[in-house]
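Only one structure is covered here, and it is reproduced in the block below.
Protein chains: 2
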Amino acid sequence: MENKRVTKELLEKIKGYDNRVPYEGSVPKNEIVRSKIIDSLEEAIKLSGLEDGMTISFHHHFRSGDKVLPMVMEVLDKMGFKNLRIASSSLTSAHECLVDYIKKGVVNRIETSGVRGKLAQGISEGILEYPAVIRSHGGRARAIVEGDVKIDVAFLGAPSSDCMGNSNGVVGKSICGSLGYAKVDAHYANKVIIITDTLVDYPNYPISIPQTDVDYVVVVDEIGDSSGIMSGATRMTKDPKELLIAKKALSAMLASGLFVDGFSMQTGSGGASLAVTKFIREELIKRNIKCSYGLGGITTYFVQLLEEGLIGSLFDVQSFDLGAAQSLGKNKMHQEISADFYANPFNCSPAVDKLDFVILSALEIDKDFNVNVISGSDGVIRAASGGHSDTAAAAKMSIVVAPLTRGRLSTILDRVTTIVTPGSTVDVVVTDRGITVNPRRADLKEKFEKAGLELIDMEDLLKAAKDIVGEPKPIEFKNEVVAVVEYRDGSIIDVIKKVK
Amino acid sequence: MENKRVTKELLEKIKGYDNRVPYEGSVPKNEIVRSKIIDSLEEAIKLSGLEDGMTISFHHHFRSGDKVLPMVMEVLDKMGFKNLRIASSSLTSAHECLVDYIKKGVVNRIETSGVRGKLAQGISEGILEYPAVIRSHGGRARAIVEGDVKIDVAFLGAPSSDCMGNSNGVVGKSICGSLGYAKVDAHYANKVIIITDTLVDYPNYPISIPQTDVDYVVVVDEIGDSSGIMSGATRMTKDPKELLIAKKALSAMLASGLFVDGFSMQTGSGGASLAVTKFIREELIKRNIKCSYGLGGITTYFVQLLEEGLIGSLFDVQSFDLGAAQSLGKNKMHQEISADFYANPFNCSPAVDKLDFVILSALEIDKDFNVNVISGSDGVIRAASGGHSDTAAAAKMSIVVAPLTRGRLSTILDRVTTIVTPGSTVDVVVTDRGITVNPRRADLKEKFEKAGLELIDMEDLLKAAKDIVGEPKPIEFKNEVVAVVEYRDGSIIDVIKKVK
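Line order of the protein sequences matches chains A and B.
Numbering of the first sequence is given in the working numbering, commencing with residue 1 and proceeding in unit increments.
Numbering of the second sequence is given in the working numbering, commencing with residue 1001 and proceeding in unit increments.
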């Protein structure tokens, strides 16, 4: 029945078609995959072709409520896998089980934005065979797109999926909102396994991860603990010091000349940062202007601005609380974006490139404006790179807000323990002592002075800190490197050494 | 100010990091691209690095109203480019200017889904240096994704764009609806130039083509002639023969066992095919069931089904009329999909794989059920491959509807002039003479017989045609191949030869 009209001989005579193949037949209709549901995780892993030493990935959209990574790791351990590399968008307190899997040899490499608790402690103590790799969200997207990180199998928890793998984070038993990090893994991983606890009729809506990227779907009882995924709305600070810092940060924004109709911003979920959002809202109303878009990890406060018409669009790579996750499912101008769209420095242009303002927090800031958001003053890894360096690098005005001191520790130092964000990209530091402008930004300094803002030079700020807490004792490290910190472009900006 | 903590020597000592580079600095903030608007097309072309012999691409979402391709070609000609390869999603009557550019040597290769009029005639007469390449929509997406077609510069008309290139087809002076074909070009082309006549504030909404894929934006007076883009709603046929065929096709669908709540379908915009949609609507209401999704080129009739709640989702790779284009901008369950999502056979699974029914038209069908939708009975190229072979290959039941004869020409032949869709993927042929089942589908034949449907064997159908129009005179071709017809998997299913 199949009429074969084209032969190899015929093709050899056609200009430009000499190395093509003749039609040999179509895939039989009964071999077309019309459901990707696999009975068990173990079966899906077998089908994926996973082997020892390969790279597997996860996302952290469920944050501390994630049950997917522990579930998958348990199966992989039982199946006897060894020397796996974990490339997770980040790791949280839900992932401490990895300590044991590292010790057992199931895992020997970790690549992540952040890491906390026992696992972070373990890595700082040198339990990994290879140093951990810390990447920013944009840097991770870049690494995956460019092929620096080749994901063999992505295990992606999805609050809902249909039988073909069309998935989202806004429908299901446990919603997590945006699947922005997972979208990149889904598109570039060699094999993709969607793990869901809510199977819906085909076709699922909306489609965050498309069926075109999905190999297998596994239905389980529970992918996340709702209370851990989203602990309600992020709370507004009442700390007077944080409110003071926020007020000062706002005054810098107002004096910058950038706070005009249509400006854009990213503000984090930290205390002072969130308070800035609140003050911005008041200014928008007072001035009768509108913010064009809000970016990044999205909180309920940003949703409020959207619903009040004070902000035009929200670009959501990660929903920071339940209100944000719910809004993503119902507000059309609240749009899910991938980590690539968010901050990959090597695509044609990520969303961070159009930022006017970003408000960022810090564990440590040094006299050269370098910022540390990954390691504690004891030298131990404890937090996350996140979008810190991505947004600082691109925003017209990056503002780092932090208290001058925290207890007996100074935030302002001669030298930060670890550089995550280079000082050349940090424009303004705001502490409870005032506004400190990076000398590279003489333009901003001039504007702030003209506006009558009280400024404090970095030298004086550092002195003020030392006056309170004294000269900090240098941390003692061993020589062994336990983690490398990649800058967003893939270069290595710092290393973290083993603690003594 | 830049603290360089990492040296090449340090990295050489770190396991797995010996070939990485130390951080050297961040891109200065004043070098970040915050607008991609280029003053003229010529300037954008210069910036794109286009060279003689390269491949440029266009989409055909404006159909016969397209002004982008002629505008770009005029500039390229003036700039002196030679031997360009045109890789367009399709070519219409708006693109006859290409005949002159081929004759002048500006263009020497054409790859497209379809081609009509003077250009088609010219290609059939052998004006191209290399044979033209005919691909299905899914096959083109596959070829681009797999790298068979490497697009150097994509010139993508967009009804609206912002300064960063975020574009869509539902806002603007001349809307075209879905940008489904263009999305693939945008993502995979080396350089992407968005050409728009409606520049909107950043960020544009919705985002069909994202800024991450766009290099330059050029604003022009007019990208399309609205009346040509969309000639109102597609009209419902009153031709009794077409209505008869549609009725018979419906009866086959009803008898197939697949016409149950949640089934899916694609129906074309041809007369009989559109009439089937109308009859399906009546059946859905009568049976109180719902279609889960409609796929493909979307017409106002599908939109009506959506708005009446008779269909759950529309997946729109190409809006066939103004009503469809408008609906895409307002109905959330009317979703834009890329040609990759639509039909690329080599991704994890395109939407066609979940089709229950597809209703397709034909220029010619032969006794082996092969279908020709590209060349006329005179052997001259005249139409388009479209999604014909993609949907036929995947749908559980592919139905080809056509009149037995058209004037003095038979639709049913011993041998089609050109094979676009192989007979092994065509399940049912419906003509005004009745329903003809492919012998491969004994299962369907049994069901149809049980339902009391009048069937006619292919042999009898062919005889009936010959009884009316006699034995057709064989077409005389020269030996020279003027076009190759690629099957969706990249193999060559047929060639078209030069007409005498």
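Glycine included, C-beta positions come from ideal geometry on N, C-alpha and C.
Just so you know, these numbers come straight off a predicted model, no measurement behind them.
Three-state secondary structure (DSSP) of residue i
i, result
"B:N1030", "helix"
"B:M1001", "In this prediction, B:M1001 scores a pLDDT of 46, lower than 50, which makes its location untrustworthy; no coordinate-derived value is stated."
"B:S1113", "coil"
"A:S93", "helix"
"A:A395", "coil"
"A:L328", "helix"
"B:D1052", "coil"
Chain-ordered chain A contacts of residue i [CB-CB under 7 Å]
i, result
"B:F1263", "Here the premise fails: no neighbours, minimum Cβ distance about 11 Å."
"B:G1016", "Y130"
"B:N1331", "Within chain A, no residue comes near B:N1331; the closest Cβ sits about 12 Å away, beyond 7 Å."
"B:D1215", "C348"
Local Cβ density within 10 Å of residue i, reported as buried at 16 or more and exposed below that
i, result
"A:R565", "The structure shown has nothing for residue 565 of chain A, since chain A only spans 1 to 500."
"A:T421", "buried"
"A:D494", "buried"
"A:P350", "buried"
"B:N1019", "exposed"
"B:G1452", "exposed"
"A:A442", "exposed"
"B:V1260", "exposed"
"B:S1178", "buried"
"B:T1007", "exposed"
"A:P474", "exposed"
"B:G1227", "Note that residue 1227 of chain B is Ser in the sequence shown, not Gly. Classification of B:S1227: exposed, given that the 10 Å Cβ count is below 16."
"B:K1104", "exposed"
"A:N168", "buried"
"B:P1240", "exposed"
"A:D201", "exposed"
"B:G1434", "buried"
"A:G376", "buried"
"B:R1488", "buried"
"B:E1486", "buried"
Beta-bridge pairing of residue i - partner residues as DSSP gives them
i, result
"A:K497", "A:V481"
"B:F1058", "B:S1088"
"B:D1366", "B:L1413"
"A:D66", "A:G224"
"A:L156", "A:I194"
"B:Q1121", "Paired residue(s): none; B:Q1121 is not in a bridge."
"B:S1167", "B:S1161 and B:I1209"
"B:P1022", "A:I492"
"B:Q1335", "B:F1315"
"A:I381", "A:S375"
"B:I1127", "The partner list for B:I1127 (beta bridge, DSSP) is empty, contrary to what the question assumes."
"B:V1358", "B:Q1266 and B:S1398"
"B:V1133", "B:E1111 and B:V1484"
"B:I958", "The displayed coordinates of chain B run from 1001 to 1500. Any statement about residue 958 of chain B would go beyond what the structure contains."
Listed by chain order, chain A residues near residue i by CB distance under 9 Å
i, result
"B:F1341", "I207, P210, Q211 and T212"
"B:T1196", "Within chain A, no residue comes near B:T1196; the closest Cβ sits about 16 Å away, beyond 9 Å."
"B:A1393", "S26, V27, K29 and I32"
Interface partners of residue i on chain B, CB under 8 Å
i, result
"A:E24", "S1491"
"A:R5", "I1419, I1493, D1494 and V1495"
"A:V33", "S1349 and D1353"
Partner residues on chain A for residue i, Cβ-Cβ distance less than 8 Å
i, result
"B:C1291", "Neighbours of B:C1291 on chain A: none; closest Cβ ~12 Å, over 8 Å."
"B:D1316", "None at all; the shortest Cβ gap to chain A is about 13 Å."
Where residue i meets chain B, residues with beta-carbon distance less than 9 Å
i, result
"A:L512", "The structure shown does not extend to residue 512 of chain A, since chain A spans only 1 to 500, so no value can be given for it."
"A:D201", "G1262, S1292 and G1312"
Within chain B, the residues that residue i reaches when beta carbons sit closer than 7 Å
i, result
"A:M164", "S1349 and K1354"
"A:V484", "I1014 and Y1017"
Where in the segment 1241 to 1321 of chain B do unbroken runs of the alpha helix (DSSP H), each at least 4 residues long, occur, reported from the N-terminal end onward? If we require 4 residues or more, the alpha helix (DSSP H) runs fully inside the segment 1241 to 1321 of chain B come out as 1271 to 1287 and 1300 to 1307.
Can you check the segment 191 to 238 of chain A for any alpha helix (DSSP H) of at least 4 residues that lies completely inside it and give the ranges in chain order? Segments of the alpha helix (DSSP H) lying fully in the segment 191 to 238 of chain A: 226 to 229.
List, from N- to C-terminal side, the beta strand (DSSP E) runs of 3 residues or more that fit wholly inside the segment 1398 to 1479 of chain B. For the segment 1398 to 1479 of chain B, the full-length beta strand (DSSP E) segments reaching 3 residues or more read 1428 to 1431 and 1434 to 1437 along the chain.
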